[in-house]
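Heads up: take any position in the sequence shown, counting from 1, add 172, and you land on our numbering. Note that beta-carbon positions come from the ideal geometry of N, C-alpha and C, so glycine has one too. Just so it is clear, the structure is predicted and the values come from calculations on it, not from any experiment. Since the structure comes first, as structure tokens, the remarks are kept for the end.
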Amino acid sequence: MPAGQKLEIKYQGRWLNISYCYEERGEETLFFIHGLGCCKDSFGGIWKAQGYHNYSIFTFDLPGFGDSSKPTSFSYDMKDHAGVVDRIIKRLNLKNLHLIGHSMGGAIVLFYLDAATDNALSFINLEGNLCPQDCTFSRQAKNASWREFESSVFDQIKEEVRTSEDKDLRVYYGYLCKSSPYAFYQSSCSLVRYSDSGIILKKFLHLRVKSYYVFGEKNKKTEIIKTLNDHRLHLTSVPQS
173 MPAGQKLEIK YQGRWLNISY CYEERGEETL FFIHGLGCCK DSFGGIWKAQ GYHNYSIFTF
233 DLPGFGDSSK PTSFSYDMKD HAGVVDRIIK RLNLKNLHLI GHSMGGAIVL FYLDAATDNA
293 LSFINLEGNL CPQDCTFSRQ AKNASWREFE SSVFDQIKEE VRTSEDKDLR VYYGYLCKSS
353 PYAFYQSSCS LVRYSDSGII LKKFLHLRVK SYYVFGEKNK KTEIIKTLND HRLHLTSVPQ
413 S
């Protein structure tokens, strides 16, 4: 992974420091957006992965997560996360994008694509939020008041992750420790609201950009996979996950 860099951008009158990694390799760029409570490190494997040597690669930390700014004055709404993505892309003049969003990152891509499809070649949705059933830790957060979440619920989530038998989930603990509790809570409230409303799913089903949905094999019989199949979307299952 290349050394992290800092980018200062202005969004809605406030300055944000965005931590990112970028390596220019080709004309097309793989642009990664991480999930709730994660950070750019969750995509660390891409830098040495086979088959991507001709693609430029960009990973970054959303506001409130990883090593980026964590202001309490930022809304952490999915639309504003998407607005920050737009600022980053324009500031660095990134072109020919393959947008890759995991979990909450998938929802953010969909809001970004509302007004920016000309620069996107494709969207790869890595089990991004689409429906109410996709909300796990985010719903646990939203079901609490901010005071409850700050004083106990966030610690409970972290402990559940830290002691999990799933080693991949235990890795998530380190990312959570670099997350602002306020950013996690407000992002969760926004994510659950849009997931419950059906807005995110509707956006995905009617995209004008070539899109793919990648999901773990254990989820192949879920209702959302049936829905996506019925709409003849491109689906890819990852074995043993």
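**Report entry** Residue closest to glycine 236, alpha-carbon to alpha-carbon, out of Leu341, Val386, Leu348 and Pro411
**Finding:** Distance from the Cα of glycine 236 is smallest, within the candidate group Leu341, Val386, Leu348 and Pro411, for Leu348.
Query - Length at least 3, wholly inside the region 252 to 314: the beta strand (DSSP E) runs in chain order - result: 269 to 274 and 292 to 298
**Report entry** CB of serine 191 within 8 Å of CB of aspartate 233, strictly
**Finding:** yes
**Report entry** Per-residue DSSP class, three states only, for valine 364
**Finding:** helix
Query raised in the report: Do the region 266 to 281 and the region 298 to 317 touch if we need at least three Cβ pairs shorter than 8 Å?
Result: yes
Query - Rounded straight-line distance, which links the Cα of cysteine 307 to that of serine 367 - result: 8 Å
Query raised in the report: Under 8 Å between the Cβ atoms of arginine 186 and histidine 225?
Result: no
Query raised in the report: Is it right to say lysine 251 is buried, meaning 16 or more other beta carbons lie within 10 angstroms of its own, or is it exposed?
Result: exposed
Query raised in the report: Can the beta-carbon of glycine 216 be found less than 8 Å from the beta-carbon of methionine 173?
Result: yes
Requested in this report: Go through its chain and collect everything with a Cβ distance to asparagine 315's Cβ below 8 Å, but skip five positions before and after it.
Outcome: Taken in chain order, the list of residues that qualify is empty.
Query raised in the report: Would glutamine 184 be called buried (16 or more neighbouring beta carbons within 10 Å of its own) or exposed?
Result: Exposed: under 16 other Cβ atoms inside 10 Å.
Query raised in the report: According to DSSP, is lysine 330 helix, strand or coil?
Result: helix
Report task. From the DSSP output, in three-state form, read off threonine 335 for me. Result -> coil
Query raised in the report: So, is serine 323 buried or exposed, given that buried needs 16 or more other C-beta atoms within 10 angstroms?
Result: exposed
**Report entry** Three-state secondary structure (DSSP) of glutamine 412
**Finding:** Under the three-state reduction of DSSP output, glutamine 412 falls in the coil class, being neither helix nor strand.
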